[in-house]
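J.:
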Amino acid sequence: MRIEEIERMARLEDTYWWFRTRRRLVRWLLERFHVPEGGLVLDAGCGTGGTYAALRDRWQVVGCDLVPLAIDHCRRRGMQLGVVGDITALPVRSQVFDAVVTCDVFEHLDKAEPAAEALFDATKPGGIIVVTVPALPWLWSEHDEALDHRRRYTRQGLQALLIGAGWRVELLNYAVSLLLPPIVAFRTWRRLVKRSAEKRVDVFELPRAIDALLGAISWLDAWLAVRVPLPPGASLVAVGRRMEGGSV
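Following the working numbering from start to finish, the sequence shown increments by one per residue and tops out at 257.
Quick look at the structure:
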């Protein structure tokens with residue numbers, strides 16, 4: 010990820026509706042799938058530490074990110090176990106984590122398969138992985154290009170990625186479904202009125218009332234995503250489990 014986007018994340022991560030909802034979704038899933046309190050959780054592609062901050066009261070969280078600046082921001086939040094490194098070559102023992110969380114990471118990789126396999130190897134038998142990725146290839150926009158995405162995922166594509174790495178998929182659902190129509194409208198409008206060759210992301214500071222409204226809608230969306238199948242949305246979320254004796 011580009012340095013300017015890391016700084017933007019650090020500035021907005023605690024307050025912007027998208028980040029707040031994603032953290033809540035991850036926490037709900039860790040609770041629903043019974044990751045033990047005090048268990049060891051890897052935040053793979055931890056960014057500037059928002060997920061760490063949301064989970065540290067219940068689990069021991071280890072962060073890993075390829076960008077040193079991101080880990081610096083994590084350490085300012087109090088992260089003791091932050092590692093600069095590639096998630097395809099984790100400097101940890103095999104079968105050590107009770108859960109792995111990877112939020113919007115796989116889409117940045119030329120090949121996501123080695124990362125999914127490395128995270129499988131790092132997880133204890135019986136442990137889980139929680140994954141979020143951008144969904145719907147037809148929703149591709151300059152937002153994806155500005156963030157150096159390689160792809161947006163289909164349900165079938167994400168499922169195949171996890172199964173191929175050895176995971177048993179226990180949940181696969183869309184997220185950000187309730188807000189898909191305004192997201193499509195906004196990206197269409199932005200494309201039609203584009204005035205600059207510079208690629209722009211869709212993450213920027215909003216008036217407090219609008220951010221609160223989007224946050225409330227997306228909170229409901231996340232609550233539903235944990236419990237019932239949702240129609241197509243801007244994101245996909247999956248939970249995979251490493252079964253006892255499982256190997257790639």
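The beta-carbon is built from N, C-alpha and C at its ideal position, and this holds for glycine as well.
Bear in mind that the values here come from a model prediction, so they are computed numbers and not experimental data.
Assuming the contact rule is C-beta atoms closer than 8 angstroms, leucine 181 and glutamine 168 should be a hit. Round their C-beta distance to whole Å, please.
T.: 6 angstroms
J.: Within 10 Å of its beta-carbon, does proline 238 have 16 or more other beta-carbons around it, so buried, or fewer, so exposed?
T.: exposed
J.: Please list the terminal residues of the continuous alpha helix (DSSP H) segment that includes arginine 84.
T.: 77–85
J.: Would you mind working out which of Ser244, Val70, Ala53, Trp37 sits nearest alanine 121, comparing C-alpha positions?
T.: Ala53
J.: Under 8 angstroms between the Cβ atoms of glutamate 116 and arginine 159?
T.: Result yes, Cβ atoms of glutamate 116 and arginine 159 sit closer than 8 angstroms.
J.: Grab the span of the alpha helix (DSSP H) containing glutamate 122 for me, first residue to last.
T.: 122–131
J.: When you compare each of Pro45, Glu46, Pro77 to glycine 56 by their alpha carbons, which one comes out closest?
T.: Pro77
J.: May I ask which residues mark the beginning and end of the alpha helix (DSSP H) holding leucine 229?
T.: 217–234 is the span of the alpha helix (DSSP H), which, as asked, contains leucine 229.
J.: Do you know offhand how far threonine 132's Cα is from valine 202's?
T.: 47 angstroms
J.: In angstroms with no decimal places, state the Cα-to-Cα distance between tryptophan 228 and glutamate 214.
T.: 19 angstroms
J.: Quick check: the Cα distance between threonine 113 and glutamate 154, rounded to an integer number of angstroms?
T.: According to the sequence shown, residue 113 is aspartate rather than threonine. Looking at the two C-alpha atoms, the distance is approximately 14 angstroms.
J.: Whose C-beta lies closer than 6 angstroms to the C-beta of alanine 79 among residues of the same chain, with five residues either side of it excluded?
T.: Ile15, Gly56, Thr57
J.: Could you name the residues of the same chain whose beta carbon sits closer than 6 angstroms to that of tryptophan 68, not counting the 5 residues immediately before and after it, in chain order?
T.: Gly48, Val50
J.: What would DSSP say about arginine 177, mapped onto helix, strand or coil?
T.: In the three-state scheme derived from DSSP, where H, G and I count as helix and E and B as strand, arginine 177 is classed as strand.
J.: Would you mind sorting tryptophan 198 into buried or exposed? The rule is 16 or more other CB atoms within 10 Å of its CB.
T.: exposed
J.: Relative to the C-alpha of arginine 29, which residue among Ala174, Gly59, Arg20 is closest?
T.: Gly59
J.: To which residues of the same chain is arginine 32 closer than 7 angstroms at the C-beta, ignoring the five residues directly before and after it?
T.: Cβ within range, chain order: Gly59, Thr60, Ala63.
J.: I believe glycine 4 touches valine 178 by the beta-carbon criterion, under 8 angstroms. Please report the beta-carbon distance rounded to the nearest angstrom.
T.: Limits of the chain in this structure are 10 at one end and 257 at the other, which puts residue 4 out of reach.
J.: On a Cα-Cα basis, can you pick out the residue from Gly175, Asp220, Val142 that is closest to aspartate 130?
T.: When only C-alpha atoms are compared, the closest one is Gly175.
J.: Whole angstroms is fine: what's the gap from valine 71's alpha carbon to glutamate 40's?
T.: Whole-angstrom Cα-Cα distance: 18 angstroms.
J.: State the Cα-Cα distance for the pair aspartate 211 and arginine 196, rounded to the nearest angstrom.
T.: Answer to the nearest angstrom: the Cα atoms are 8 angstroms apart.
J.: With a threshold of 16 other CB atoms inside 10 Å of the CB of isoleucine 172, please say whether the residue is buried or exposed.
T.: exposed
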